[in-house]
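Chemist:
Chains as they are written, first to last, in our numbering: chain Z, 2 to 279; chain G, 5 to 271.
(1) Check each candidate in 93(G), 51(G) and 63(G) and name the one with the smallest Cα separation from residue 20(G).
(2) Spatial neighbours of residue 66(Z) within its chain, please: CB distance less than 7 Å, with the 5 preceding and 5 following residues excluded, ordered by chain position.
(3) Please list, in chain order, the residues of the stretch 170-194 of chain Z that have any C-beta partner in chain G closer than 9 Å.
(4) So, for residue 11(G): in the same chain, excluding its five sequence neighbours on each side, which residues have a beta-carbon less than 7 Å away from its beta-carbon?
(5) Quick one: does residue 180(G) have its CB under 8 Å from some CB of chain Z?
(6) Rounded to the nearest angstrom, what separates residue 249(G) and residue 223(G) at their Cα positions?
(7) May I ask you to report which of helix, strand or coil DSSP gives residue 182(G)?
(8) Determine contact between the stretch 111-122 of chain G and the stretch 162-181 of chain G, defined as no fewer than three beta-carbon pairs at a distance below 8 Å.
(9) Count Cβ pairs between the stretch 228-237 of chain G and the stretch 189-201 of chain G that sit closer than 8 Å; are there 3 or more?
(10) Give, in chain order, every residue of the stretch 100-117 of chain Z whose Cβ lies closer than 7 Å to some Cβ of chain G.
(11) So what's residue 135(G) in DSSP terms, helix, strand or just coil?
(12) For residue 37(G), which residues does DSSP report across the bridge?
(13) Considering Cα atoms alone, identify which of 149(Z), 212(Z) and 50(Z) is closest to residue 280(Z).
(14) Which term fits residue 102(G), buried or exposed, when burial requires 16 or more other beta carbons within 10 angstroms of its beta carbon?
(15) For residue 172(Z), is the classification buried or exposed, using 16 other Cβ atoms within 10 angstroms of its Cβ as the cut-off for buried?
(16) Within 8 Å (strictly less), CB to CB, does residue 221(Z) reach chain G?
(17) With a cut-off of 8 Å, does the C-beta of residue 118(G) fall near any C-beta of chain Z?
(18) With which residues is residue 86(G) paired in a DSSP beta bridge?
(19) With a threshold of 6 Å on Cβ separation, who are the neighbours of residue 148(Z) within its own chain once the five nearest residues in sequence on each side are excluded?
(20) Nearest-angstrom Cα distance between residue 221(Z) and residue 191(Z)?
(21) Whose CA, out of 6(Z), 136(Z) and 154(Z), lies closest to the CA of residue 200(Z)?
(22) For the stretch 117-137 of chain G against the stretch 173-190 of chain G, are there 3 or more C-beta pairs whose distance is under 8 Å?
(23) Is residue 33(Z) buried or exposed, if buried means 16 or more other CB atoms sit within 10 Å of its CB?
(24) Using CA coordinates, which residue listed in 191(G), 122(G) and 23(G) is at the minimum distance from residue 52(G)?
(25) What does a CB cutoff of less than 7 Å around residue 111(Z) pick up in its chain, not counting 5 residues either side in sequence?
(26) Please state if the CB of residue 204(Z) and the CB of residue 86(Z) are separated by a distance shorter than 8 Å.
(27) The alpha helix (DSSP H) with residue 29(G) in it runs from where to where?
(28) How many Å lie between residue 28(Z) and residue 233(Z) at the Cα?
(29) Which value, in whole angstroms, describes the spacing of the CA atoms of residue 206(Z) and residue 194(G)?
(30) With residue 68(G) as the anchor, note down where its beta strand (DSSP E) starts and where it stops.
(31) As a quick exercise: from 6(Z), 238(Z), 214(Z) and 194(Z), pick the residue whose alpha carbon is nearest that of residue 136(Z).
(32) Look up residue 248(G) in the DSSP assignment and say whether it is helix, strand or coil.
(33) Report the CB separation of residue 155(G) from residue 182(G) in whole angstroms; it is logged as a contact under 8 Å.
(34) Report yes or no: do three or more beta-carbon pairs, one from the stretch 81-91 of chain G and one from the stretch 27-41 of chain G, lie closer than 8 Å?
(35) What residue range does the alpha helix (DSSP H) around residue 46(G) cover?
(36) So is residue 86(G) in contact with chain Z if we call contact Cβ pairs under 8 Å?
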């Protein structure tokens, strides 16, 4: 609770929370209601400017209402962000534990594996997966989750090693606690603040990566409204109708910025060295 | 009866021999001091006895508890012995408790591990333990977190955790070094009384001769990883000892009673 309160006292924290809440709200609302059917084509009302005929942000070449598409697209964004973060968290924690609390030769091998995987670009991994299994939101989410999970693993490994060297872990061992118990009761709770920060930053990266993959045609199918898909669709008409590209672009930028700032604010709120003494 | 028997214990870390052929025995009910300057291998001897040396250390020799060899025992078997028959109190009370766990939970941990106590029974026992080690307002303190306690109070918690399962042997690794002098005396008295009451044996590690005489009877002296002398407090008082022990004694006296002309005088 103190962390939430600390977030509300920082402009970056407020901005990040508002963006996250806005994203959640947009997804929930779009699920039940959008001003127009986001996938319905309407050739009679193509190329409309903002506010024409009740189309808040105008329409594109096929008469898709842009505001409805943005709202509906937020679902893909939120879904990717959350699922990719969860996968990254699980992959990251498991790899970090495998690198630290196991016998030394296993640990050393896992550390090498992490280093190799980190050198591998996430987008490339996603494209390879898409080439093998076909492009879809699922492929993109899995690839993004695993790709960024390795980064989480590297950070978590350092944190676990630091906690493992503390006297209270030694004391717990001297009490007869098993490795599993030490992981559950001492290691994970004590690295949680760092992990939460890392995962909120992973959400920002996941949003960006999903938009990029969909734009390139390796992610969400063009039939499902998504911000990356809108960008891909409208970029051909950039010169004639720049606004159509600006809306989804702005949505991606604001979301990524918001989640990044939320991560930064969380870091400051959870780091006792940066927290004001109260 | 010999409880803990350490024979020819040798510890090597990174090609360097840090404990070199140390042998001594701890009798049932005995309070034995282990003294030596920093880096003489005291703490590593203790960690080797309880099987918690860093992974890169190689250890040879023998550590027997109740005649049972502990060196080379699998971790699972060692975990059953640690906290139950062989427990340890650490030097730094400020870092020896998990900052995120309530005091009561940490007190109850060894009981939950070794005695299989239910949550409720363990909580009740935690309050008793807190009371036994002289923590004020135990009902309230078990619900608190380590940062709400002073150093002396935290060391009391550490002692309560170590003695929760009434182990046969307690190893105390400089338990008072990090505390101020008045608190030191209280903790030493508490440690002595509780060890007596439970009939446990105590291996008390320190580099401070002044605190020893009030706690222990026997004494082993370590220097450069080797055991130089096994003696007792009475013999020390009569001036029969090894040159290394004499050196430690002289330093202790110099620190306690600084004289203007003495170049080794502490301030």
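For every residue, glycine included, the Cβ atom is placed at its ideal position computed from N, Cα and C.
Modeler: According to the data block:
(1) 63(G)
(2) 36, 37, 39, 56 and 60
(3) 170, 171, 172, 173, 174, 175, 176, 177, 178, 179, 180, 182, 186, 187, 190, 191 and 193
(4) 27, 65 and 66
(5) no
(6) 10 Å
(7) coil
(8) yes
(9) no
(10) 105
(11) helix
(12) 208(G) and 223(G)
(13) In the structure as shown, chain Z starts at 2 and stops at 279, and residue 280(Z) therefore has no counterpart that could be examined.
(14) buried
(15) buried
(16) no
(17) yes
(18) 90(G)
(19) 123 and 126
(20) 37 Å
(21) 154(Z)
(22) no
(23) exposed
(24) 23(G)
(25) 96, 99 and 100
(26) yes
(27) Counting along the chain, residue 29(G) falls outside any alpha helix (DSSP H), though it belongs to the beta strand (DSSP E) covering 20-31.
(28) 21 Å
(29) 56 Å
(30) 61-69
(31) 214(Z)
(32) helix
(33) 6 Å
(34) no
(35) 46-54
(36) yes
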